Structure formats: C-alpha cells, structure tokens
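Have a look at the structure below before the remarks.
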Amino acid sequence: MSTSPLALTLANLLLRPGFGSRRDPGRIFDRIVVEAGEAPGDREFVDDFRSLLGWWAKAENLTPVGWQSAQVHVRRQLANRARVRRLIAEHPEIEREPIEKPVFVVGLPRTATTVTHSVLSISDEHRCPLLWELLGPDLELPPRQRRKAITAGRRLVQGTDLFAPRFRDIHAMAAEGPEECTFALPHALMPFSQARIPEYLAWHCERDFTADYRYLKQVYQVLQYGRPRRRWMLKSPMHLENLDALRTVFPDATIVWCHRDPVTVVASFCSLIEHGMAVSTRPLDLAGIGATWLGLLSRAMTRGLTARPAIPAEQLVDAPYSWLGSDPATGAPKLYAAVGARWTEADAARLPAAVARPQGARKHTYELSRYGLTRAEVESAFAEYNALRAEVDRA
251 MSTSPLALTL
261 ANLLLRPGFG
271 SRRDPGRIFD
281 RIVVEAGEAP
291 GDREFVDDFR
301 SLLGWWAKAE
311 NLTPVGWQSA
321 QVHVRRQLAN
331 RARVRRLIAE
341 HPEIEREPIE
351 KPVFVVGLPR
361 TATTVTHSVL
371 SISDEHRCPL
381 LWELLGPDLE
391 LPPRQRRKAI
401 TAGRRLVQGT
411 DLFAPRFRDI
421 HAMAAEGPEE
431 CTFALPHALM
441 PFSQARIPEY
451 LAWHCERDFT
461 ADYRYLKQVY
471 QVLQYGRPRR
481 RWMLKSPMHL
491 ENLDALRTVF
501 PDATIVWCHR
511 DPVTVVASFC
521 SLIEHGMAVS
531 TRPLDLAGIG
541 ATWLGLLSRA
551 MTRGLTARPA
561 IPAEQLVDAP
571 YSWLGSDPAT
581 GAPKLYAAVG
591 ARWTEADAAR
601 LPAAVARPQG
611 ARKHTYELSR
621 YGLTRAEVES
631 AFAEYNALRA
641 EVDRA
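Each residue of the sequence shown is one higher than the one before, starting from 251 at the first, in my numbering.
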C-alpha cells in the first residue's frame, strides 16, 4: 500500500490548510460541543471525548483526512448522545421499552461474526440495527428525514469505497444493511483502527464499560420506541472483552460465540486494519499494527474466557467457523435452533443473499509475516483459547 488512491490524495490536499488546527484541539473540541450539544449531567462523558480528541491530535503520521475523521467521529458520538438523552427526557417511557432476550454475536473479528449477524437478520421476527440508524439513532422519522439519513449512510460507505477501494473486499458495508454495535458504543476500538493512540489504549484498558452498555441499551430502546417489538440481533467483536458488563445490562442475553483459528484471524484482521488505517495514517507501521492488535485481541480473548464460566449454558451458543463460513445451508438452521428461533422456508429463500459476497469483490489474501508476527507467537498468545476451540470442534 505504498501509493494512495487519487481521491484520497486530493482530499488530503484540500484539507491541508485546516490541518494546523490539530495544534489546538481544545478549541476545535469546544466548537464541536456547541454544534453537537450536551445533555445535562453529561460533563464526564463530554470530557472523555475532549481527552480522546487531544490524544488523537498527537497521533504519529496522522494525515489531514485522518484529523478530519477524528473530528467527525467525536462530533457524531456527542451529537448522538445528546439526542438520545434529550429523547428520553422528552419521553421517559422510552427507558421502559423491554429489550428481551437479545442475541449478541461475539468472538474475535474475522470469525464469521458478520455473516452470522447477517443470517440472524433475515427472519421477520428479528431486528438488527442498520448502519444508517446507528449513525444517528432517533425515533421513527418522517419519510423525507429518513431518506436524508439513509443518504448520509450511503455517503459514508461511498467515501470508504473511494478512499480504501480494497476495504469492501474484506468487510463490506451497506447503509441499509445490518451493522455492529461498534458505531453506538461510545468508547469502542474504532479509533485504534485509524491511528496509533497510546494514551487512549491505556485509558481504554482500564475502563469499566458498564456505563457504555447502559447507554447502548438506551440506543436500542430509542430505535424500538413506537415501532414493532422484535427480538434484537446484535454484534460486535468488542463484546468479547466486555461480557461481564454486557451481561450486567442484558442479563437474559443469548451469547453466540463464533470460533476460528486465531492465526488466520490475526493475519486477516491486520490486513483489514492496514487497508482502513491507510486512509488516516501515512506511512503505516505494519509491525506496529501486528503488535498492537495481537495485544488487543489476545487481551479480549483472555477477558472473554474469564467471563465465560458465569454464562448459563442455555444462554451460550458456540458457533464453529464451519457452520456459516463453509456450509451455511446446513449451519443456518442449526444456528436458529441454538438461539431458540424458528427457521422457515422464507428464511431459507433469503439465505443465499445473506451470505453472498458483494458483486465484484476480489479474494482477500494476507500474510501474518507482513505484520512482523509468527505463527508461534500467535499460538502462544491464544493457547488457552485453542484448547477451547478444539473442544468446540469435537462437539
């Protein structure tokens, strides 16, 4: 990835005049807060994002597009939080909306979590958050505003395709397609996929995420309010490291834990990060990507394995990669049965579209050594998990 797409090069040139503003992130943040709004009692929440933007501004090799992306990320999180809190203040009954027996798809990234989520979304009895909804959670919108919100989601996807053409081959997104909770969780791992931010990494690893999951529940209560109640199907690789917090807020949740060889997972995910991060950071430190994400992913797995014994057996589903990664026609009915859902002929008819790769997508190739890692290092970091995975495969 030595050269940038022409569109990205031009965007960096156009944004270069404003790049100097990262020397004064406090001033930029104050302006963002004025634009986004702030809910009463949310000072700590806002201050956390002030810290994030300040750390992000100092990120090594950040580009003008990267600095603009940082501001967009912070603005979206603050605006969404202010809107959700305002809606609940105006309609207190929103917090009484039941989010009953939701399904959370968890596991390391690149373990078929996306296709699992997509398959769970095809039932008329299920509800998945759509990308455009997560970009701006709100009550049911009038048709014109709804079209505007969907268009904003399409522009985000188009921008990603334009600036990182290979990204859709690795992880396709659609404005009106099911998307993961990462967009709604306020302190997710997303900044790490755009820049190297060691201060945020240290802060993130010390955080108790229970408050984040309480807010996540409020987001889905807003998206459910005034609309038909269906069973929520939710997904994010980040849930793996926060199963305790997740289950504190969603005690009746069913956990679908997707499994795959971690050597393949780490190599594939580092490749995804490389293609995404190249939009915001130039030049890239490939060995740094490998070291950072091996640490983050192995930490997430360790925390997940620690939390696993407390999950009731009837609320835990282990999904081997073969279920949907290689044989979805057989695996999809198994998945539905495991989460207590009906598999119908209509669902079977929708399955091919749910598991199909985007038209024109190229094969994703990757090498662990490109990121300064060896098979032995990864296997050592995931030794305990590999023992569990062997049990799952035998079962």
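Virtual Cβ for every residue (Gly too), placed ideally from N, Cα, C.
Please read all numbers here as calculations on a predicted model, not as lab measurements.
Go to Phe279, then tell me how far its beta strand (DSSP E) extends in each direction, as first and last residue.
Translated into positions along the sequence shown, residue 279 becomes position 29. No beta strand (DSSP E) contains Phe279, which is instead part of the alpha helix (DSSP H) from Pro275 to Ala286.
Tell me, please, which residues DSSP counts as bridged to Phe632.
Start at 1 with the first residue of the sequence shown, and residue 632 comes out as number 382. According to DSSP, Phe632 bridges with nothing at all.
Is it right to say Asp568 is buried, meaning 16 or more other beta carbons lie within 10 angstroms of its own, or is it exposed?
Sequence index remark: in the sequence shown, residue 568 carries index 318 (1-based). Classification for Asp568: buried.
Outcome for Glu456 when other beta-carbon atoms lying within 10 angstroms are tallied against a minimum of 16:
The residue given as residue 456 occupies position 206 in the sequence shown. Looking at its Cβ environment, which holds fewer than 16 other Cβ atoms inside 10 Å, Glu456 is exposed.
What do you get for Arg248, buried or exposed, if any count of 16 or more other CB atoms within 10 angstroms of its CB means buried?
With the chain covering 251 to 645 only, the question about residue 248 has no answer from this structure.
So, are the CB atoms of Leu358 and Leu547 less than 8 Å apart?
The residue labelled residue 358 in the question sits at position 108 within the sequence shown. The residue labelled residue 547 in the question sits at position 297 within the sequence shown. A contact, by the Cβ cut-off of 8 Å.
Secondary structure, beta strand (DSSP E): runs of 3+ residues fully inside the region 481–548
481–485 and 504–509
Residue range of the unbroken beta strand (DSSP E) whose run includes Phe295
Here the question's residue 295 lines up with position 45 in the sequence shown. Here Phe295 belongs to no beta strand (DSSP E); instead the alpha helix (DSSP H) covers Arg293 to Ala307.
Using a Cβ-Cβ cutoff of less than 6 Å, which residues in the same chain neighbour Val605 once the five nearest sequence positions on both sides are dropped?
Along the sequence shown, one-based indexing puts residue 605 at 355. Once the five neighbours on either side are set aside, the close Cβ partners of Val605 are Val365 and Pro578.
Would you call the region 487–504 and the region 381–390 in contact, with 3 or more CB pairs under 8 Å?
no
Determine the direct distance from the alpha carbon of Val369 to that of Gly276, and round the result to whole angstroms.
Translated into positions along the sequence shown, residue 276 becomes position 26. Translated into positions along the sequence shown, residue 369 becomes position 119. Distance between the alpha carbons of Gly276 and Val369 is about 44 Å.
Relative to the alpha-carbon of Leu312, which residue among Ala588, Arg266 and Asp280 has its alpha-carbon at the smallest distance?
The residue you call residue 312 lines up with position 62 of the sequence shown. That would be Arg266, whose Cα lies nearest to the Cα of Leu312.
Is the CB-CB distance between Ala399 and Trp382 below 8 Å?
The residue you call residue 399 lines up with position 149 of the sequence shown. The residue you call residue 382 lines up with position 132 of the sequence shown. Their beta carbons are under 8 Å apart, which means Ala399 touches Trp382 by this criterion.
Do the region 520–530 and the region 470–487 meet, that is, are 3 or more Cβ pairs less than 8 Å apart?
no
Hey, Ser530 and His614: beta-carbon distance below 8 Å or not?
On the sequence shown, residue 530 is found 280 positions in, with the first residue counted as 1. On the sequence shown, residue 614 is found 364 positions in, with the first residue counted as 1. Not closer than 8 Å, so no.
Count the other C-beta atoms from every protein chain shown that fall within 10 angstroms of the C-beta of Pro314, then say buried if there are 16 or more, exposed otherwise.
Against the sequence shown, residue 314 aligns to sequence position 64. Burial call: buried.
From which residue to which residue does the beta strand (DSSP E) around Leu566 run?
The sequence position of residue 566 within the sequence shown is 316, counting from 1. It spans Leu566 to Pro570 - the beta strand (DSSP E) in which Leu566 sits, taken as one unbroken run.
Where the beta strand (DSSP E) through Phe354 begins and ends
As a working mapping, residue 354 is identified with position 104 in the sequence shown. Val353 to Val356 is the span of the beta strand (DSSP E), which, as asked, contains Phe354.
Mind checking who Leu555 pairs with in its DSSP beta bridge?
Stepping through the sequence shown from its first residue, residue 555 is reached at position 305. Beta-bridge pairing links Leu555 to no other residue.
So, using beta-carbon positions, are Pro512 and Tyr635 closer together than 8 Å?
Against the sequence shown, residue 512 aligns to sequence position 262. Against the sequence shown, residue 635 aligns to sequence position 385. The answer is yes: Cβ separation under 8 Å.
Mark Thr401 as exposed unless 16 or more other C-beta atoms lie within 10 angstroms of its C-beta, in which case mark it buried.
Mapped onto the sequence shown, residue 401 falls at position 151. Under this definition Thr401 is an exposed residue.
May I ask whether a heavy atom of the ligand ADP can be found less than 7 Å away from the beta carbon of Arg346?
In terms of ligand content, the structure shown is empty, and the ligand ADP therefore cannot be addressed.
Pull up the CB-CB distance for Ala422 and Pro608, whole angstroms please, since I reckon it's below 8 Å.
In the sequence shown, the residue the question calls residue 422 occupies position 172. In the sequence shown, the residue the question calls residue 608 occupies position 358. Rounded, the Cβ-Cβ distance is 5 Å, consistent with contact.
Where does Pro448 fall in DSSP's three states?
Within the sequence shown, residue 448 is the residue found at index 198, counting from 1. Reduced to three states, the DSSP call for Pro448 is helix.
Applying the 10 Å Cβ sphere with the 16-neighbour rule, what's the burial state of Val355?
Position 105 of the sequence shown, counted from the first residue, corresponds to residue 355. Flag for Val355 reads buried.
With distances taken from CA atoms, which of Val515, Pro448 and Gly316 is nearest Ala261?
As a working mapping, residue 261 is identified with position 11 in the sequence shown. The shortest Cα separation from Ala261 among Val515, Pro448 and Gly316 belongs to Gly316.
In terms of residue numbering, what span does the alpha helix (DSSP H) encompassing Arg404 cover?
In the sequence shown, counting from the first residue as 1, residue 404 sits at position 154. That run of the alpha helix (DSSP H) goes Pro393 to Phe413.
By how many angstroms is the C-alpha of Glu390 removed from the C-alpha of Val334?
Along the sequence shown, read from residue 1 onward, the residue named residue 334 stands at position 84. Along the sequence shown, read from residue 1 onward, the residue named residue 390 stands at position 140. Roughly 13 Å separates the two Cα atoms.
DSSP three-state assignment for Arg377, whether helix, strand or coil:
As a first step, residue 377 must be located in the sequence shown, where it is residue number 127. The answer is strand: DSSP assigns Arg377 an E or B state.
Of all the alpha helix (DSSP H) runs that stay within the bounds of the region 305–339, which reach a length of 4 or more residues?
none
Taking Gln474 as the reference, give the member of Thr514, Lys584, Thr504 and Leu380 with the closest Cα.
The residue labelled residue 474 in the question sits at position 224 within the sequence shown. Looking at the Cα atoms, Leu380 is the closest of the given residues.
Check for me: the alpha helix (DSSP H) holding Ala645 runs from which residue to which?
Position 395 of the sequence shown, counted from the start, is the residue given in the question as residue 645. Element bounds for Ala645: n/a, residue is neither H nor E.
Would you call the region 434–453 and the region 293–311 touching, i.e. three or more CB-CB distances under 8 Å?
Contact check between the region 434–453 and the region 293–311: three or more CB pairs, one atom from each, fall below 8 Å, which counts as touching.
May I have the straight-line CA-CA distance separating Thr460 from Lys467, to the nearest angstrom?
Your numbering for residue 460 matches position 210 in the sequence shown. Your numbering for residue 467 matches position 217 in the sequence shown. Their Cα atoms are separated by approximately 11 Å.
With distance defined between alpha-carbon atoms, name the residue in Arg612, Val322, His376 and Glu627 nearest to Leu618.
Locating residue 618 in the sequence shown gives position 368, counting from the first residue. Among Arg612, Val322, His376 and Glu627, the Cα nearest to that of Leu618 is on Glu627.
Quick one, are the C-beta atoms of Ala537 and Tyr616 less than 8 Å apart?
Translated into the one-based positions of the sequence shown, residue 537 becomes position 287. Translated into the one-based positions of the sequence shown, residue 616 becomes position 366. It is not a contact, given that the beta carbons lie outside the stated cut-off.
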